[in-house]
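Below: one structure, written as structure tokens.
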Amino acid sequence: MSHIAQQTRATSTTSMDRAKQLAHKIVDVMQAQGYREIEYILTGSQLKVVACASGMAPKTEYLSLPTGGLSTT
């Protein structure tokens with residue numbers, strides 16, 4: 007594997023790891039708001055979160071992820 011391919015793969019993995027961290031933060035916040043059934047779907051460019059709380063309609067949030075990297079600060 008070339009150096010450029012390795013670097014691209016490492017950047018992609020790092021971006022996905024950061025996206026997962028962001029998804030977990032969103033889940034934590036939604037749990038604090040009373041949502042109990044929370045599911046997230048993470049693709050290369052989008053994070054979709056679906057949450058349900060008793061007596062409430064399901065809530066869906068979509069976030070577009072930047073392709074150049076993701077910052078969670």
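Residue numbers for the sequence shown follow my numbering, beginning at 7 and rising by one. Glycine included, every Cβ here is placed at the ideal spot set by N, Cα and C.
>> For ILE44 and THR66, what's the separation of their Cα atoms in angstroms?
In response: Roughly 10 Å between the two C-alpha positions.
> Taking DSSP as the reference, what is the three-state secondary structure of SER51?
Replying inline: For SER51, the secondary structure class from DSSP, reduced to helix, strand or coil, is coil.
> Whose C-beta lies closer than 6 Å to the C-beta of VAL33 among residues of the same chain, with five residues either side of it excluded?
Replying inline: Same-chain partners within the cutoff: ILE44.
>> Looking at the secondary structure, which residues open and close the beta strand (DSSP E) in which SER70 lies?
In response: Counting along the chain, the beta strand (DSSP E) containing SER70 begins and ends at 65-70.
>> So the candidates are SER21, THR20, ALA63; which of them puts its Cα closest to the Cα of TYR82?
In response: Not covered by the structure: residue 82. The range shown for the chain is 7 to 79.
> For CYS58, which option in SER70, GLN52, GLN37, ILE47 has the closest C-alpha, if you only look at C-alpha atoms?
Replying inline: Relative to CYS58, the option among SER70, GLN52, GLN37, ILE47 whose CA is nearest is GLN37.
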